[in-house]
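Enquirer: Quick note: the sequence shown uses my numbering, first residue 842, plus one each step.
Here a beta-carbon is modelled for each residue, glycine too, at the ideal position from N, C-alpha and C.
Fair warning: this is a prediction, and the values are worked out from it, not measured in the lab.
The structure that follows is given in the form of structure tokens.
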Amino acid sequence: MWFTRVSIANPVLATMVMLALVVLGLFSFQRLKVDQFPDIEFPTVVVSTEYPGAAAEIVETELTRKIEESVNAIAGISQLSSRSYAGTSVVIIQFDLTMDGRRAADDVREKLAILKPQLREEIGEPKVQRFDPASRPIWSVAVRASGNADAPPDAADAAGAMRRTLWAEQVLKKRLENVRGVGSVTLVGAVRREIQIQLDPVRMEAAGISAEQVIAAVRGENQDLPAGLLRSAEQERVVQIRGRIERPEDFARLVVARRGATLVRLGEVAQVVDGPQETDSLALLDGQRSLVLEVQKAQGQNTIEVVDGLERELTALQAAGALPADLRLDRVRDSSRPIRVSVANVRQTLIEGALLTVAIVFLFLNSWRSTVITGLTLPIALIGTFLFMQWFGFSVNMITLMALSLCVGLLIDDAIVVRENIVRHVQMGKDARRAALDGTAEIGLAVLATTLSIVAVFLPIGFMGGIIGQFFHEFGITIVAAVLISMFVSFTLDPMLSAVWHDPAVQAEGQPFRPVTLYERTLGRITHAVDRGSHRLGEGYQALLGWSLRHRLLTVVLALGTLVAALALTRSLGTEFVPKADYSETFVSFHTPVGSSLEVTEARVREVEALIRRRPEVKYTLATINAGQAQGRIFAQIYIRLVDRKDRQLSQDQLAAPLRQELLQVPGITVTHVGLLDAVGGNKPLMLSLQGSDLGELQRQTERLLERLRRIPGLVDLDSSARADQPTLAVTLRRDAAADLGLGVAGVTGTLRALVAGQTVGNWRASDELNVEVKVELAPQARDSTADIARLMMPAGQNADGSARLVRLDQIAELGEDRTPQQINRRDLAREVEITANVQGRSLGEVSADIHRVLESEPLPPGLRWRFGGSTKDMAESFGHAVSALAMGVIFIYMILASQFRSFMQPVALMSSLPLTLIGVVGALLMFGSTMNLFSIIGVVMLMGLVTKNAILLIDFAIRARAGEVHLDDDGGQPGRRLGREEALLLAARVRLRPILMTTLAMVFGMVPLAFALSEGAEQRAPMGQAVIGGVITSSLLTLVVVPVIYCWIDDLSMWTRRRFGPDRRPDATSGTGSAS
842 MWFTRVSIAN PVLATMVMLA LVVLGLFSFQ RLKVDQFPDI EFPTVVVSTE YPGAAAEIVE
902 TELTRKIEES VNAIAGISQL SSRSYAGTSV VIIQFDLTMD GRRAADDVRE KLAILKPQLR
962 EEIGEPKVQR FDPASRPIWS VAVRASGNAD APPDAADAAG AMRRTLWAEQ VLKKRLENVR
1022 GVGSVTLVGA VRREIQIQLD PVRMEAAGIS AEQVIAAVRG ENQDLPAGLL RSAEQERVVQ
1082 IRGRIERPED FARLVVARRG ATLVRLGEVA QVVDGPQETD SLALLDGQRS LVLEVQKAQG
1142 QNTIEVVDGL ERELTALQAA GALPADLRLD RVRDSSRPIR VSVANVRQTL IEGALLTVAI
1202 VFLFLNSWRS TVITGLTLPI ALIGTFLFMQ WFGFSVNMIT LMALSLCVGL LIDDAIVVRE
1262 NIVRHVQMGK DARRAALDGT AEIGLAVLAT TLSIVAVFLP IGFMGGIIGQ FFHEFGITIV
1322 AAVLISMFVS FTLDPMLSAV WHDPAVQAEG QPFRPVTLYE RTLGRITHAV DRGSHRLGEG
1382 YQALLGWSLR HRLLTVVLAL GTLVAALALT RSLGTEFVPK ADYSETFVSF HTPVGSSLEV
1442 TEARVREVEA LIRRRPEVKY TLATINAGQA QGRIFAQIYI RLVDRKDRQL SQDQLAAPLR
1502 QELLQVPGIT VTHVGLLDAV GGNKPLMLSL QGSDLGELQR QTERLLERLR RIPGLVDLDS
1562 SARADQPTLA VTLRRDAAAD LGLGVAGVTG TLRALVAGQT VGNWRASDEL NVEVKVELAP
1622 QARDSTADIA RLMMPAGQNA DGSARLVRLD QIAELGEDRT PQQINRRDLA REVEITANVQ
1682 GRSLGEVSAD IHRVLESEPL PPGLRWRFGG STKDMAESFG HAVSALAMGV IFIYMILASQ
1742 FRSFMQPVAL MSSLPLTLIG VVGALLMFGS TMNLFSIIGV VMLMGLVTKN AILLIDFAIR
1802 ARAGEVHLDD DGGQPGRRLG REEALLLAAR VRLRPILMTT LAMVFGMVPL AFALSEGAEQ
1862 RAPMGQAVIG GVITSSLLTL VVVPVIYCWI DDLSMWTRRR FGPDRRPDAT SGTGSAS
């Protein structure tokens, strides 16, 4: 090739080009971001809206459906789902992956702006947010009382809890929010100060005071108002009315009504309490109540950089003495740790694989100079790839580093083949320059074909559809860039160094080995033994190939039998979407019975935490109630930080089973999850949706289905959104009686909401300028029972003396116990019940198949339908995209080989080795106990490009030998003599066996660190390396035997076709790839 000749003629130019690649690559590496996964945009918009005091059914009818109908007209929506809770509506709008997320969010905002005036006044402003997979908290810190962590919680110490919250909000939260890249800081377990005006309904009735009068008085009297400007010739002054309450106790002296000459003050009908707000959420660190600050990064920001900034800010805060002496800070979660561990492990795997690969080259080439010449390709190609990664906007993440570690063996393959062929020409007696030119020219187009075959496989991977395509885009493009750089280096630097840096250790063929130096007497003996072994192996292979060529049918039958056996064994392989990585953390989620109070849930949390902390694998626990995505005080999640993987016997996955058994000891809880959630969606792997319009029928069918699903082996943590209904106090207005008094639904509802839920009526400014909310509500002891609510007084106008005319609620309404749904799910404008579960002891595919059989054994009633979601759906879609990429890669490989060999038939012989890879893949996955998952499927796709390399090297040499284009030893190293077909194949077996062994072993040993998953979190990536190792070994062994047999059959078919249908106008069927120049 021309650039080979230019490199040999101008070594300085070649050196400078390589140096430029290295310098630019190192410069680019410093500018690459580091993250766990590629920066992926999911065009999903979430609309959250508050409807205070409304039941789930009312939220669905009055709010959720209207939002759904409004946004449903937006083009590009792929799925519309919603969750209606008591007081909250959440609508999730998923758009096609081709949709721009910002434009989608703007379209949603436009629709909601039109809808807002049509909603009820008490409904809050809809909040529109773009979903970001990385929007979960990346870092958390707990603030708690210093001292003994095992001391009783300071729940009674309201003042201490409020002080913690005040310091955290005024100091810590603000400093963390100022860190570059921080999106938001959320407090869990905050206890804020509040001025509570607790109404006494008995005193209010006696004084003839309504709740509306109290609310109006407090709101109107506690404020500073401007009264204009006072101007004179000398100055201008502002007139200000100062009406704000200065001390909390002064609220009791506010006048709320006048009865003639008598003033009714607030303290006569209510008690003013300066204390903590009612707690909605809790956080417990190792059983001690704490305040947790959870930090989310801004979209597009780098996790490691943000966490480093947070750590620096926290250290600076403590060093400055800003932390009160009675408080302590504990870092409880750090999402950058798995990223750092993952990146460090992949880097280590890459280095280990590279060293093993270079060791294989050294053993076979028996020369340190040849090893250096060949091994230089590896660092240059790897470093040069960083340049293209920066150009394409990629980051250093687990996917791109895994791509580089996987192609360690690939990057050195071309250099091995080129250098080995140059050495072979030197052994023919040629000088170094001629050997470099002839050796590279002879093997050039074969190397080009093998490299393009790799490109043909990985380019479709880089452009797959769906979520898998989003994740593996950087994977495919990174490998394509790396192998193209390695091919360029193999065709330039390697021949140039071979020509100018002659290796005296290369001996002429057949020259005896005489150890003289220390190296030759030590390592030299090992490398010489490997050399002798490869020669003997070549002779044995020639004999085996000769036997196979004489027994073609038997050879193919044996190979097909082995393939059929492997295919039969695939049923023993489990399937799953993505294996979970063990980064020394796990979760437990559960809920208490519907209607349970926060105190009941906290008591259960303490029991569960105590059980968990007794295990030796546990380092600490962080429990949260009604936090994150939870919607209610019955929901709890416990984050469990485990000791490092090397210090425990059980993996995170193995720990789940004993944890589930121990949790059975805790009464009054339903465990919904133990283990890790999916890395992408944050859900459980099994999700099943039942859809229909009748909510009651949906719930009945769900209960029946759950009973049948519980009998499926391996199905655990079974849960559904159709939980027990929320206990409800139903107030039914007697319209005629209410109308006679001038009352309606709106007026009664407004009064009840103010009394029961409470109403914020402004704020009070403390001496430290802190604004404290002022809230009017019933005293807690006055709203304990149905009887208390029935006795509440509703205002029905005024008496003659100006006092409020009051009527008891039970005089105008009937009160009764009822139950309403706690949560209503909808998907694509229809109601649904979502069933979720985990798997234990069996694979996701096996359990999913059992669920399918259960669903198909008993059809659902008319109007109901079911469908899978979660990892089951993602797995099916991703496997489909991977198969499409595989098919496209195979087609491209055929096109490349057909063009290279100038034949429509010969590529079939070379590609006959492709299905033989499954033998090794299945065997390796079974041996390692792995599953067929996304990573192992990508490994299979990768093999399609790898296994054709050996076939190309073998058959290309045979075709060239038949055409007289091969440099033979007995011809003085000059081409010319044509060989017969069997003779050419046997010669190819002897000549090409060593480079085939070297490239195969280089690939295998390059994958060994990845396949054995010895580092923390490596079990997620291991199946890819395992599949590649198994496939490469078996396909290489079978390729050397089966492909020549298939080649002979196709060659016979070609000759028969020419004899049957006319003379061959082409040069000769034996012509190969042509000469490379």
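The beta strand (DSSP E) spanning SER1438 covers which residue range?
Expert: Premise fails: SER1438 is in no beta strand (DSSP E) and is neither H nor E.
Enquirer: Check each candidate in ILE1240, PRO1336 and PHE1304 and name the one with the smallest Cα separation from ILE1284.
Expert: PRO1336
Enquirer: Taking the alpha carbon of GLY1030 as the reference point, which residue from SER1183, MET1729, PHE1720 and THR1120 has its own alpha carbon closest?
Expert: The residue among SER1183, MET1729, PHE1720 and THR1120 with its C-alpha nearest the C-alpha of GLY1030 is THR1120.
Enquirer: Count the other C-beta atoms from every protein chain shown that fall within 10 angstroms of the C-beta of GLN1311, then say buried if there are 16 or more, exposed otherwise.
Expert: buried
Enquirer: Helix, strand or coil: which one does DSSP assign to SER869?
Expert: Look at SER869 here: in three-state DSSP terms it is helix.
Enquirer: Should MET1230 go down as buried or exposed, given a rule of 16 or more other Cβ atoms within 10 Å for buried?
Expert: buried
Enquirer: Report all residues from its chain with a CB closer than 6 angstroms to the CB of THR1403; omit the five preceding and five following residues, and keep chain order.
Expert: ILE1760
Enquirer: Which residues share a DSSP beta bridge with TRP1707?
Expert: LEU1531
Enquirer: Go through its chain and collect everything with a Cβ distance to LEU1408's Cβ below 8 angstroms, but skip five positions before and after it.
Expert: LEU1759 and VAL1763
Enquirer: Let me know if GLU1699 comes out buried or exposed under the rule of 16 or more other beta-carbons within 10 Å of its beta-carbon.
Expert: exposed
Enquirer: Excluding the five sequence neighbours on either side, which residues of its own chain have a C-beta within less than 6 angstroms of the C-beta of VAL1341, listed in chain order?
Expert: PRO852
Enquirer: Do LEU1619 and LEU1647 come within 8 angstroms of each other at the CB atom, strictly closer than that value?
Expert: In this structure, LEU1619 does not lie closer than 8 angstroms to LEU1647 by Cβ.
Enquirer: Closest to GLY1921 by CA distance: which of GLU1673, ALA897 and LEU862 is it?
Expert: With the chain running from 842 to 1918 in the structure shown, residue 1921 is simply not present.
Enquirer: SER922 and ILE915 - do their beta-carbons sit closer together than 8 angstroms?
Expert: 8 angstroms or more divides the Cβ of ILE915 from the Cβ of SER922.
Enquirer: Alpha carbon to alpha carbon, how far is PHE1981 from LEU1219?
Expert: Lying before the first or after the last residue shown, residue 1981 is absent from the chain, which here runs from 842 to 1918.
Enquirer: Any contact of the segment 1602 to 1617 with the segment 1679 to 1688, i.e. 3+ C-beta pairs under 8 angstroms?
Expert: Too few Cβ pairs lie closer than 8 angstroms, so no.
Enquirer: Cβ of LYS952 within 7 angstroms of any heavy atom in the ligand ADP?
Expert: With respect to the ligand ADP, the structure offers nothing, as it holds no ligand at all.
Enquirer: I need the straight-line Cα distance from LEU1584 to ALA895, nearest angstrom please.
Expert: 21 angstroms
Enquirer: Buried or exposed: VAL1147, going by 16 or more other Cβ atoms within 10 Å of its Cβ?
Expert: buried
Enquirer: Which ranges does the beta strand (DSSP E) cover as unbroken runs of at least 3 residues, wholly within the segment 1122 to 1207, from first to last along the chain?
Expert: 1123 to 1126, 1132 to 1138 and 1168 to 1175
Enquirer: By Cβ distance, which residues of its chain are closer than 7 angstroms to ILE1891, with the 5 residues on each side in sequence left out?
Expert: MET1746, GLN1747, VAL1749 and ALA1750
Enquirer: Taking just the CA atoms, how far does SER1561 sit from LEU1727?
Expert: 37 angstroms
Enquirer: Could you spell out where the beta strand (DSSP E) holding THR1241 opens and where it closes?
Expert: No beta strand (DSSP E) contains THR1241, which is instead part of the alpha helix (DSSP H) from 1239 to 1247.
Enquirer: Rounded to the nearest angstrom, what separates SER1339 and THR1215 at their Cα positions?
Expert: In this structure, the CA atom of SER1339 is about 10 angstroms from the CA atom of THR1215.
Enquirer: Extract the residue ranges of the alpha helix (DSSP H) inside the segment 931 to 962, only unbroken runs of 4 or more that lie entirely within it.
Expert: 942 to 956
Enquirer: Tell me MET1634's beta-bridge partners as DSSP assigns them.
Expert: ARG1649
Enquirer: Comparing C-alpha positions only, which one of ALA1009, CYS1889 and GLY1770 sits nearest to PHE1853?
Expert: GLY1770
Enquirer: Given this structure, state the Cα-to-Cα distance separating ALA1052 from ARG1100, to the nearest angstrom.
Expert: 17 angstroms
Enquirer: Is ILE1479 near VAL1449, with beta carbons less than 8 angstroms apart?
Expert: Against a cut-off of 8 angstroms, the Cβ pair of VAL1449 and ILE1479 comes out as a contact.
Enquirer: Classify ARG1576 as helix, strand or coil using the three-state DSSP reduction.
Expert: In this structure, DSSP gives ARG1576 a helical state, which the three-state scheme calls helix.
Enquirer: Can you name the start and end residues of the beta strand (DSSP E) that ASN1604 belongs to?
Expert: 1600 to 1606
Enquirer: Just tell me which of VAL1886, GLU898 and PHE1304 has its CA closest to the CA of ALA1723.
Expert: Sorting VAL1886, GLU898 and PHE1304 by C-alpha distance to the C-alpha of ALA1723 places PHE1304 at the top.
Enquirer: Going by the CB atoms, is the gap between MET1716 and THR1923 shorter than 8 angstroms?
Expert: What is shown of the chain runs 842 to 1918, which leaves residue 1923 out entirely.
Enquirer: Which two residues bound the contiguous beta strand (DSSP E) that contains ASN1524?
Expert: ASN1524 -> no beta strand (DSSP E), and no H or E assigned at all.
Enquirer: Identify which residue in SER1777, GLY1643 and VAL1435 has its Cα closest to the Cα of SER1719.
Expert: For SER1719, the nearest C-alpha among the options comes from SER1777.
Enquirer: Between the alpha carbons of ASP1629 and ARG1649, how many angstroms are there, rounded?
Expert: 11 angstroms
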